[in-house]
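If you read the sequence shown in my numbering, its first letter stands for residue 2, the second for the next number, and so on.
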Amino acid sequence: MAEGYGYGKTILFGEHFVVYGLPAIASALGNKTTAVVEDAGKYELVDDRPATPQYKKEKYEEQVESNKLIFDACKVDVEKTPLKITLAGDLYAASGVGASAASAAAIARALNDHFQLGYDDKRINEVAYEGEKGYHGKPSGIDNTAAVYGGLIWFVKNLEGGANTMERLKMPEPTEIVLGNTGLTSSTKEVVGDVRANREAEPEKYKKIFDEYSEIVKSAREALTSGGLKAVGELMNRNHNLLQEITVSCKELDFLVELALDNGAYGAKLTGTGRGGLMQALTPGKELQDKVAAAMEKEGFTTFKTRIGV
Numbered sequence: 002m003a004e005g006y007g008y009g010k011t012i013l014f015g016e017h018f019v020v021y022g023l024p025a026i027a028s029a030l031g032n033k034t035t036a037v038v039e040d041a042g043k044y045e046l047v048d049d050r051p052a053t054p055q056y057k058k059e060k061y062e063e064q065v066e067s068n069k070l071i072f073d074a075c076k077v078d079v080e081k082t083p084l085k086i087t088l089a090g091d092l093y094a095a096s097g098v099g100a101s102a103a104s105a106a107a108i109a110r111a112l113n114d115h116f117q118l119g120y121d122d123k124r125i126n127e128v129a130y131e132g133e134k135g136y137h138g139k140p141s142g143i144d145n146t147a148a149v150y151g152g153l154i155w156f157v158k159n160l161e162g163g164a165n166t167m168e169r170l171k172m173p174e175p176t177e178i179v180l181g182n183t184g185l186t187s188s189t190k191e192v193v194g195d196v197r198a199n200r201e202a203e204p205e206k207y208k209k210i211f212d213e214y215s216e217i218v219k220s221a222r223e224a225l226t227s228g229g230l231k232a233v234g235e236l237m238n239r240n241h242n243l244l245q246e247i248t249v250s251c252k253e254l255d256f257l258v259e260l261a262l263d264n265g266a267y268g269a270k271l272t273g274t275g276r277g278g279l280m281q282a283l284t285p286g287k288e289l290q291d292k293v294a295a296a297m298e299k300e301g302f303t304t305f306k307t308r309i310g311v
């Protein structure tokens with residue numbers, strides 16, 4: 002029997018802008034998915050992760066494909082050596098938190114331990130990336146890298162099709178955030194397509210927005226690595242304003258962002274695709290985190306309290 006883990010993640014800066022070759026910053030979350038692998042009479046997958054209603058059902062086919070790719074990468078034949086894999090942990094499986102990458106990393110680590118494959122983190126990351134293909138076709142690599150290594154990641158997509166730039170960054174210490182869930186879902190493909198169409202229709206407006214974002218993300222890198230959390234919060238607010246301008250926010254996200262700021266959050270913005278899904282509020286210290294989460298819950302929204310920079 003062997004156990005592995007993978008961290009969840011959030012995108013702190015750069016959703017949508019990353020598509021056009023601008024940098025993004027992601028952080029691992031202080032919550033993990035765990036995988037326990039043990040010998041069994043026949044292959045079995047038990048998914049005990051806490052999850053959004055319907056999440057596991059909707060992702061089941063992709064999960065089966067992901068596991069097959071992981072087994073192939075590890076040269077494990079579950080027909081010949083049947084295994085029982087149990088997924089659990091305190092990462093809430095939902096869109097936007099890198100749940101698929103966390104489970105892929107956890108399974109890769111557990112298989113490595115169970116079969117004594119001798120993989121280092123670099124190889125675990127490669128296996129987790131293979132697993133991500135089951136969910137995303139052509140993944141960026143940012144989710145699995147956060148899932149395996151933790152910490153902060155500076156990510157730049159290579160628009161020429163070569164290797165993407167990924168650099169690990171470090172915060173002086175982890176800090177608390179609140180994720181607020183609008184309860185709405187949106188199609189990433191559709192939202193990204195709308196941004197592209199708007200950019201083509203108004204190139205000058207979008208150039209100005211993209212230039213401003215470039216300055217924000219450079220400043221955010223400096224503020225995060227030096228522990229300037231007040232500055233990080235202000236930059237999150239500015240990033241959210243730009244996301245509003247490119248039409249990827251919605252009234253529910255804006256309501257939660259304003260609510261968080263009214264209750265003392267250092268900064269707040271949507272995270273992920275937008276037009277629904279999740280937002281995040283920077284709430285250093287347990288007391289502030291609890292206060293902001295309680296304000297959201299009072300309005301009927303579900304929240305997820307965690308930490309970044311772990």
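Where a beta carbon is used, it is the ideal one built from N, C-alpha and C, also for glycine.
**OP:** Count the CB pairs spanning the segment 178-185 and the segment 275-282 that are closer than 8 Å, and state whether there are at least three.
**Re:** Result yes; three or more Cβ-Cβ pairs closer than 8 Å.
Original post:
Do G298 and L260 have their C-beta atoms closer together than 8 Å?
Top reply: With the sequence shown as reference, residue 298 is identified as Glu, and Gly is not the correct amino acid for it. Contact: no.
Original post:
Going by Cα to Cα distance, which pick from G286, T34 and E246 is closest to E213?
Top reply: Comparing Cα-Cα distances from E213 to each of G286, T34 and E246, the minimum goes to E246.
Original post:
What does a CB cutoff of less than 8 Å around K231 pick up in its chain, not counting 5 residues either side in sequence?
Top reply: Excluding positions up to five away in sequence, the list reads Y267.
Subject >> Under 8 Å between C-beta atoms of I154 and A36 >> reply: The answer is no: Cβ separation not under 8 Å.
Subject >> Whether R124 touches G5 by CB criterion (8 Å) >> reply: No.
Original post:
If F211 and Y21 are in contact, beta carbons under 8 Å, what's the gap, nearest whole angstrom?
Top reply: About 7 Å separates the two Cβ atoms, so the contact holds.
**OP:** Would you mind sorting N159 into buried or exposed? The rule is 16 or more other CB atoms within 10 Å of its CB.
**Re:** It counts as exposed.
Original post:
Since K287 and E177 are thought to touch, with beta carbons under 8 Å apart, how far apart are those beta carbons, to the nearest angstrom?
Top reply: Correct: roughly 6 Å between the Cβ atoms.
Original post:
Quick one: what's G138 bridged to in DSSP?
Top reply: For G138, which the question treats as bridged, DSSP gives no partner whatsoever.
Subject >> Length-filtered (4 minimum) alpha helix (DSSP H) runs lying within the segment 74-141 >> reply: Counting only runs of 4 or more, we get 100-115 and 122-137.
**OP:** Would you tell me roughly how many angstroms separate the C-alpha atoms of D195 and T248, rounded to the nearest one?
**Re:** Their Cα atoms are separated by approximately 8 Å.
Original post:
How many angstroms separate the CA atom of Y120 from the CA atom of A29?
Top reply: Rounded to the nearest angstrom, the gap between the Cα atoms of Y120 and A29 is 21 Å.
Original post:
Identify the residues that DSSP records as bridge partners of D157: which are they?
Top reply: The identity of residue 157 in the sequence shown is Val, whereas the question assumes Asp. DSSP lists T166 as partners of V157.
Subject >> Distance, A296 Cα to Y150 Cα >> reply: Each residue's Cα considered, the two are about 33 Å apart.
Original post:
What residue range is occupied by the uninterrupted beta strand (DSSP E) comprising T226?
Top reply: Taken as a continuous stretch (DSSP letters only), T226 belongs to no beta strand (DSSP E), being part of the alpha helix (DSSP H) at P204 to S227.
Original post:
Which same chain residues, not among the five before or five after A100, have their C-beta less than 6 Å away from its C-beta?
Top reply: For A100, where only same-chain residues beyond five positions count, the Cβ hits under 6 Å are A94.
**OP:** Measure the C-alpha to C-alpha separation of F305 and A294 and round it to an integer number of angstroms.
**Re:** Roughly 8 Å between the two C-alpha positions.
**OP:** Using 10 angstroms around the beta-carbon of E80, count the other beta-carbons present and answer buried if the total reaches 16, otherwise exposed.
**Re:** Within a 10 Å sphere around the beta-carbon of E80 sit fewer than 16 other beta-carbons, which makes this residue exposed.
Original post:
Between H17, V258 and I26, which lies nearest to I309 when the distance is taken from Cα to Cα?
Top reply: For I309, the nearest C-alpha among the options comes from I26.
**OP:** Could you check how far apart the C-beta atoms of G9 and A103 are, in whole angstroms? I think they sit under 8 Å.
**Re:** About 5 Å; that satisfies the 8 Å criterion.
Original post:
Which one of P173, N32 and E63 has the shortest CA to CA distance from R222?
Top reply: Checked all of P173, N32 and E63; the closest Cα to R222 is P173.
Original post:
In angstroms, rounded to a whole number, what distance separates the CA positions of M167 and V157?
Top reply: M167 and V157 have their C-alpha atoms spaced approximately 7 Å apart.
Subject >> CA nearest to the CA of T272, picked from G142, E133, F18 and N199 >> reply: Closest option to T272, Cα to Cα, is F18.
Original post:
For V47, which of helix, strand or coil comes out of DSSP?
Top reply: Strand at V47.
Original post:
Taking the runs of the beta strand (DSSP E) that are 3 residues or longer, which of them lie wholly in the segment 169-196?
Top reply: Qualifying beta strand (DSSP E) stretches, in chain order: 176-182.
**OP:** With T146 as the anchor, note down where its alpha helix (DSSP H) starts and where it stops.
**Re:** Looking at the DSSP string, the run of the alpha helix (DSSP H) that includes T146 is I143 to Y150.
Subject >> Spatial distance of N238 from K270 (CA atoms) >> reply: Take the alpha-carbon of N238 and the one of K270: they are about 6 Å apart.
Original post:
If you run the structure through DSSP and keep just helix, strand and coil, what is R308?
Top reply: Strand at R308.
Subject >> Where Y21 sits in the DSSP three-state scheme >> reply: Assignment of Y21 by DSSP, reduced to helix, strand and coil, places it in the helix class.
Original post:
What do you get for A198, buried or exposed, if any count of 16 or more other CB atoms within 10 angstroms of its CB means buried?
Top reply: In summary, A198 is exposed, with fewer than 16 beta-carbon neighbours lying within 10 Å of its beta-carbon over all protein chains present.
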